[in-house]
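Participant: Here the sequence shown stands for residues 83 to 832, where the numbers follow our numbering.
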Amino acid sequence: MSSVKPSLSELERYLKSLKGKTLEASIDSLISLLKRRQISGAEPCAVATAHILLQVVAKTRFQDVDQMLEKVQQVGCRLVAAQPKELVVGNIVRRVLGLIRDEASEDRNDGGDETPSDVQMTPTAAVADASKLEHHWPPSTYTKQDAGADYISSGPRPVRPGALTSASSFSVPKTLLSLLEAAPTVDAHSTASGSPYIGAGSPYIGGSGVSTPMRGQQTRVNAIRAEIIDGIEEIKDEISQVDDQIASAAEVQIHPMDYVLVHQPSATVQKFILRAAAKRRFTVLIATEAPRASSDEPPYAHFRKKLSAVGISSINVMNAGLMAHMPRINKVVLGARSVLANGGVVTDAGAGIIARAAKERGTSVIVLSGVYKLSPESSVDEENLNEWGSSMSHVSFADGPLVNGVDVRSAATELVPAELVDTYITNLGAHSRNHLSTIIADHYKQEDVDFQLWDELESSFSVPKTLLSLLEAAPTVDVHSTASGSPYIGTGSPYIGGSGVSTPMRGQQTRVNAIRAEIIDGIEEIKDEISQVDDQIASAAEVQIHPMDYVLVHQPSATVQKFILRAAAKRRFTVLIATEAPRASSDEPPYAHFRKKLSAVGISSINVMNAGLMAHMPRINKVVLGARSVLANGGVVTDAGAGIIARAAKERGTSVIVLSGVYKLSPESSVDEENLNEWGSSMSHVSFADGPLVNGVDVRSAATELVPAELVDTYITNLGAHSRNHLSTIIADHYKQEDVDFQLWDELER
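1) Report yes if the C-beta distance between Ile113 and Leu179 is below 8 Å; otherwise report no.
2) State yes or no: is the C-beta of Trp470 within less than 8 Å of the C-beta of Arg491?
3) Indicate whether the contact test is met: 3 or more Cβ pairs, each with one atom in the stretch 651-663 and one in the stretch 620-634, closer than 8 Å.
4) Just to confirm the assignment: which complete alpha helix (DSSP H) runs, minimum length 4, are found wholly within the stretch 714-741?
5) Would you give the residue range spanned by the alpha helix (DSSP H) that Val162 belongs to?
6) Give me, in chain order, the residues of the same chain whose beta-carbon lies closer than 8 Å to that of Leu680; leave out the 5 immediate sequence neighbours on both sides.
7) At a cut of 8 Å, does the stretch 502-509 reach the stretch 443-453 through at least three beta carbon pairs?
8) Tyr341 to Thr365, Cα distance in whole Å?
9) Between the stretch 301-316 and the stretch 164-181, are three or more C-beta pairs nearer than 8 Å?
10) Does the Cβ-Cβ distance between Phe533 and Gln155 come in under 8 Å?
11) Any idea which residues DSSP pairs Thr370 with across the strands?
12) Closest by CA to Leu343, which one among Ala440, Ser122, Val719, Leu105?
13) Counting C-beta neighbours from all protein chains within 10 Å, is the total for Asn703 16 or more, i.e. buried, or is it exposed?
14) Buried or exposed for Gly567, going by 16 or more other Cβ atoms inside 10 Å?
15) Between the stretch 731-746 and the stretch 792-811, can you find at least three pairs of beta-carbon atoms closer than 8 Å?
16) Checking the sheet assignment: what are the DSSP bridge partners for His698?
17) Based on DSSP bridge pairs, tell me the residues matched to Ser395.
18) On the criterion of 16 or more Cβ atoms from any shown chain inside 10 Å, does Val292 qualify as buried, or is it exposed?
19) On a Cα-Cα basis, can you pick out the residue from Glu496, Asp489, Leu456 that is closest to Asp463?
20) Figure out for me which residue from Ala128, Arg118, Glu168 has the closest Cα to the Cα of Asn466.
21) Name the residue from Gly717, Arg410, Val351 whose alpha carbon lies nearest to the alpha carbon of Val738.
22) Taking Cβ to Cβ, would you say Val635 is nearer than 8 Å to Val683?
23) Taking buried to mean at least 16 other C-beta atoms within 10 Å of its own C-beta, is Phe385 buried or exposed?
24) For Met405, does the three-state DSSP call read helix, strand or coil?
25) Do you know how far the Cα of Leu116 is from the Cα of Ile812?
26) Which of the three DSSP states is assigned to Asn807 in this structure?
27) Distance, Cα to Cα, Thr736 vs Asp616?
28) Since His675 is in the alpha helix (DSSP H), which residue starts that stretch and which ends it?
29) Closest to Ser519 by C-alpha separation, out of Leu356, Ala329, Leu135, Ser460, would be which residue?
30) Flag this pair as touching only if the stretch 342-362 and the stretch 387-402 have three or more C-beta atom pairs under 8 Å; answer yes or no.
31) For Phe676 versus Pro638, is the C-beta spacing smaller than 8 Å?
32) Spell out the partners DSSP gives Tyr341 in its beta bridges.
33) By alpha-carbon positions, which one of Gly417, Asp603, Ser390, Glu185 ends up nearest to Asp146?
34) Whole angstroms is fine: what's the gap from Lys318's alpha carbon to Val170's?
35) When we look at the beta-carbon of Phe824 and count the other beta-carbons within 10 Å, is it buried (16 or more) or exposed?
36) Determine the DSSP secondary structure at Asp815, reduced to helix, strand or coil.
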């Protein structure tokens, strides 16, 4: 964890965007940010989750509390699936679910036997202006930074835990009841016949024949909504105050003359140490990774300046030399990314060996964690929990043979076992491992611990989503009247059972329209991604191209040109442009406009014909190729002539870099190369005026060719730089396995 969270600006940008977006667009935007790790770290993820759940509660129409629970669960499942390694996302969802259950339980106790109704509850009935809820994120104390369609089941659906299955140990006072209006009652019989929600067959209101108080139900749902919104605001306040509350325990834990070791101190740890430094004199050892050559200042320089200002000595210790200092250290302070129910701590990689060494020497290990980071999960697969980062700090992608021959994994986080930790300090105080279960029981409901599994369980009973588009909107459909002629409705249907009762279809139209809107938003995001690819790839240019390099580009595409020009803004190097010989009819030499731009920023460029290229290879130390497409096995479809360049570079140990947007990365790998290559006009090789030659010889002019994966060292996409082995991960993130061979289904059906 760095001293300044890099995702803070993305978080602020996202929170500001909530006002101008629909709820579904806001949810999809957060999912995208979580997947891309543009919002990362415990606190930013927790804050973003709390904000979006507040929007869900405030803006969604609810008929009863069970619908509210289901909607929050659905959104929570999508957020957890987007970034399962950030356990705080699930924690915040569970906290909100617990709020809903508590308020529903209290309302049931206060409200007698009154039942839910069919009235559509709008969020604006409870909150005058829901948009005002979007930016009430109290200033943090640190400088750190679907509703998817319901399926039609072929059998009994699994039952989610209801809203009223658990009692509440505390609740939010009902402050808005005095503002809500009373209203007359509505006779349930008068509306039962036409409604799928009211009447004898309704799962919501039983057809008892008595008047149902409809307005009273609206009042109760609105009151519960307002209280839940207040509860979420309290959660946001709690998150913002965690660092100050944890720091208040510093003077008790740290004593004069202590030697305190902190590992890659987060903002929480820094504030804790600085609070102790105000009244204690001790020495701080800061364990860090070795700084990279490109770093402008040593790690945690700002933290060290603050310590020095209050008279505290600090020593930077590289991880490799840490063991030599262990005999002097009498306290280890670690910041937690999350804490499991069994006491295991997810923290930055490298903390595990420090905690184990401290345990061997009898040194106290203290973990700092807000309660919102304490997860009720304990049986977590450590392999899936740990996060892996870039391996560029350990091996350069310029070393092609090593990158292709060795799997280099660089851990970003690791799990520190509970037995290595002595004390957990939260915003509630200091605790032993045995006390964690009590805190968990106070903050989470047992029925919400595995909430993210409900969607998976329901999907095993559900109709595939692709069939939703086949279902038309209608008030009701009589199963008996259509059973004989329909493969989808009737006694033998796997989709809708022929029970002889009317099936409510009206809600189906709403769900299909909601899906349609989400898909349209998703396609717009794809269009935006395509338009931004060149700029995002170009942002990596300064890292890949160094001063005095000789860089060869082959028939440079717009992507390659922008990449080179971005590097030229801050580097001085030479560009060799490999092209075909110009035709006689050409008005100017190839890529003249590109060369003018290079010259304008002081970069030398040389046009090299393909035929004379080999003479220049000894001077070249980087080859940059633009991809038309990239196969799953790493093969690159590019302009003809690139293959021989890549092979010559490989022979000389020269780095070959391929630039490609993720949208060009194909999940196909077993492609017939003959069918993949494109053939162009042969007029550049032979004239049609030479009739005998044209008629007697088959002249083929390749427009594209496939460069084998073993000739490529680095793939740069709009997501960053990758080795060949990492392509499969990107493919898995962007494509579904069942859609890889979608084009074969028509042939199979025929």
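Even glycine gets a Cβ: it sits at the ideal position worked out from N, Cα and C. Note that this is a predicted model, so its numbers are computed, not measured.
Facilitator: Walking through what the data contain:
1) Cβ atoms of Ile113 and Leu179: not closer than 8 Å.
2) Their beta carbons are under 8 Å apart, which means Trp470 touches Arg491 by this criterion.
3) Yes, the stretch 651-663 touches the stretch 620-634.
4) Listed in chain order, they are 724-734.
5) That run of the alpha helix (DSSP H) goes 147-164.
6) The residues are Ile646, Leu647, Ala650, Val657, Ser686, Ser687.
7) Two segments are said to touch when three or more pairs of C-beta atoms, one from each, lie closer than 8 Å; by this definition the stretch 502-509 touches the stretch 443-453.
8) The alpha-carbon atoms of Tyr341 and Thr365 are separated by roughly 5 Å.
9) Taking a cut-off of 8 Å on C-beta distances, the stretch 301-316 touches the stretch 164-181, as three or more cross pairs fall below it.
10) The criterion of a C-beta distance shorter than 8 Å is satisfied by Phe533 and Gln155.
11) Beta-bridge pairing links Thr370 to Met400.
12) Distance from the Cα of Leu343 is smallest, within the candidate group Ala440, Ser122, Val719, Leu105, for Ala440.
13) Burial call: buried.
14) Confidence is the limiting factor: at Gly567 the pLDDT is only 44, short of 50, which leaves the residue's position unreliable, though a coordinate-based value still follows. Taking a 10 Å sphere around the C-beta of Gly567, we find fewer than 16 other C-beta atoms and assign the residue as exposed.
15) When C-beta atoms of the stretch 792-811 are compared with those of the stretch 731-746, three or more pairs fall below 8 Å, so the two segments count as touching.
16) Its beta-bridge partners do not exist; DSSP assigns none.
17) Paired residues: Thr365.
18) Low confidence applies to Val292: its pLDDT is 39, below 50, so where it sits in the model is not reliable enough to give any reading.
19) Of the listed residues, the one whose Cα sits closest to Asp463 is Glu496.
20) Among Ala128, Arg118, Glu168, the Cα nearest to that of Asn466 is on Glu168.
21) Nearest C-alpha to Val738: Gly717.
22) No. Outside cutoff.
23) By the neighbour-count definition (other C-beta atoms within 10 Å, threshold 16), Phe385 is a buried residue.
24) Residue state, collapsed to three classes: helix.
25) C-alpha separation (whole angstroms): 15 Å.
26) Here Asn807 sits in helix by DSSP.
27) Their Cα atoms are separated by approximately 24 Å.
28) Taken as a continuous stretch (DSSP letters only), the alpha helix (DSSP H) holding His675 covers 674-682.
29) Considering only alpha carbons, the answer is Ser460.
30) Three or more beta-carbon pairs drawn from the stretch 342-362 and the stretch 387-402 are found closer than 8 Å, and the two stretches are therefore classed as touching.
31) Yes; because the gap between Cβ atoms is below 8 Å, this pair is in contact.
32) DSSP lists Thr365 as the bridge partner or partners of Tyr341.
33) Checked all of Gly417, Asp603, Ser390, Glu185; the closest Cα to Asp146 is Glu185.
34) Rounded to whole angstroms, the gap between the alpha carbons of Lys318 and Val170 is 13 Å.
35) Phe824 comes out exposed.
36) Taken through DSSP and simplified to helix, strand or coil, Asp815 comes out as helix.
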